[in-house]
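Notes follow once the structure below has been shown.
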Amino acid sequence: MNSTGRIPVLVVGGFLGSGKTSLLRHLLAGATDTAVIVNEFGAVGLDHQLLRACEERVELLGGGCACCTRRADLVRALRDLLDGHERGTARLGRVVIETSGLADPAPIVFTITNDPMLRHHFDVERLVVTVDAVNWAEQLAAHEEARKQVLVADELVITKLDLVDHEEEAWVVIAGALRALNPAATLRTGLHGVLGDAPPGADEARPVTQTPGETTLAHTDDVSSLSLQPDGPVDWLGFAVWLSMLLHARGQDVLRVKGLVELDDHTLVSVNGVQHVVHTPEHLDRSTIPDPSPGIVFITRGIEAERLRESFDAFQLLARVTSRA
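The sequence shown begins at 0 in numbering that gives the first Met the number 0 and counts up one residue at a time.
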């Protein structure tokens, strides 16, 4: 409980691949009374599997954004958590809601504050939005959702500054653009999920005079989600070549790729990419994911799902044949 006598709620938003899950994994380390609600755009949820490594009370709201199609599910999930807390079966000290990368977080806050029962028991304390230091300019210019996320944030966490040249100068530029959109938000850094203060020279940042242009695109128009679920273990070399060629040819249209891949030796590997950038694969401890569901989720723009699936299968078949030759 906080000073209001209600259960605090932290809403974490941010565009696709901006580091929400990494931030949550750090925030949840050692937390025993925190429940997590994960809202994912794809039909197969992956973030909640990664979060289970540090927190067992994780609930997935899949198949759509809680900002538009899943509000009833969000209300149900919160009421179920409250019921367990009041019965004494599961103490609840905090709730964290991770929104879809394509969600406007504001309606989620509205849902909680306008439901009489939820408003009485829950208090939305903070809305934190992560911003990718590598892809921020393109995302804000091209996606209305990314701009909405920045506009409604209480706190903006600039991630991946270690991946850009001249970190301090980059901060000044990014912070200036963000302050032009949302001068009231607190700005912080996030390195591999660990929150930090603004780097030296941050005070030099000033709001820029121009903001990215408007767009009428909405996430229900030409953005779609595809879940690839291999029948068995994946040949890593074949997968790596296929993914590299896909991103080389259509990287601008692959907004997000994220998944758990099971290799021939039953190793689980986490794959995480945003457009042309794929982060170093992470080998996971299977003991932290009791019931893994290997699969790869793609959030794409204008790419036919069937062609993507066919090309994946073709490369896997070629890799198997080549390895036996």
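We treat Cβ as the ideally placed atom computed from N, Cα and C, and that holds for glycine.
Classification of residue i by the beta-carbon crowding that lies within 10 angstroms, buried from 16 upward
{"i": "A184", "result": "buried"}
{"i": "H142", "result": "buried"}
{"i": "D161", "result": "exposed"}
{"i": "V332", "result": "In the structure displayed, the chain extends from 0 to 324; residue 332 sits before or after that span and is not available."}
{"i": "N134", "result": "buried"}
{"i": "V8", "result": "buried"}
{"i": "E85", "result": "exposed"}
{"i": "Q228", "result": "exposed"}
{"i": "H265", "result": "exposed"}
{"i": "N113", "result": "exposed"}
{"i": "V43", "result": "Per-residue confidence for V43 stands at a pLDDT of 42, beneath the threshold of 50, marking its modelled position as unreliable; no derived number is given."}
{"i": "L236", "result": "exposed"}
Of the residues the options, the one placed nearest residue i, counting alpha carbons only
{"i": "N271", "options": "G4, T20, V8", "result": "T20"}
{"i": "A174", "options": "P289, E85, A132", "result": "A132"}
{"i": "A71", "options": "T33, G83, L117", "result": "L117"}
{"i": "H119", "options": "R24, T3, G87", "result": "T3"}
{"i": "K256", "options": "E309, G294, D103, G189", "result": "The identity of residue 256 in the sequence shown is Val, whereas the question assumes Lys. When only C-alpha atoms are compared, the closest one is G294."}
{"i": "S226", "options": "A152, Q251, M244, G258", "result": "G258"}
{"i": "G250", "options": "V163, A169, L316, E137", "result": "E137"}
{"i": "T279", "options": "S286, V268, R285", "result": "V268"}
Unbroken beta strand (DSSP E) run spanning residue i, endpoints
{"i": "L23", "result": "It is not in any beta strand (DSSP E) - L23 instead sits in the alpha helix (DSSP H) that spans 19-26."}
{"i": "V149", "result": "Not the beta strand (DSSP E): V149 falls in the alpha helix (DSSP H), residues 143-151."}
{"i": "R187", "result": "185-190"}
{"i": "P7", "result": "6-13"}
Test item: CB-CB of residue i and residue j under 8 angstroms
{"i": "R178", "j": "E154", "result": "no"}
{"i": "K147", "j": "G18", "result": "no"}
{"i": "L296", "j": "Q274", "result": "Residue identity check: residue 296 is Val in the sequence provided, not Leu. Not a contact, by the Cβ cut-off of 8 angstroms."}
{"i": "G13", "j": "G100", "result": "yes"}
{"i": "V127", "j": "T33", "result": "no"}
{"i": "I111", "j": "F121", "result": "yes"}
{"i": "L262", "j": "V240", "result": "no"}
{"i": "V11", "j": "L22", "result": "yes"}
Closer than 7 angstroms: residue i CB and nearest the ligand HEM heavy atom
{"i": "L26", "result": "Among the components modelled here there is no ligand, and therefore nothing to report on the ligand HEM."}
N-terminal and C-terminal residue of the alpha helix (DSSP H) that residue i is part of
{"i": "I111", "result": "105-112"}
{"i": "T321", "result": "304-323"}
{"i": "A179", "result": "166-180"}
{"i": "H119", "result": "115-120"}
{"i": "R78", "result": "70-86"}
Inside the segment 222-272 only - alpha helix (DSSP H) runs reaching at least 4 residues: Listed in chain order, the complete alpha helix (DSSP H) runs (minimum 4 residues) inside the segment 222-272 are 235-249.
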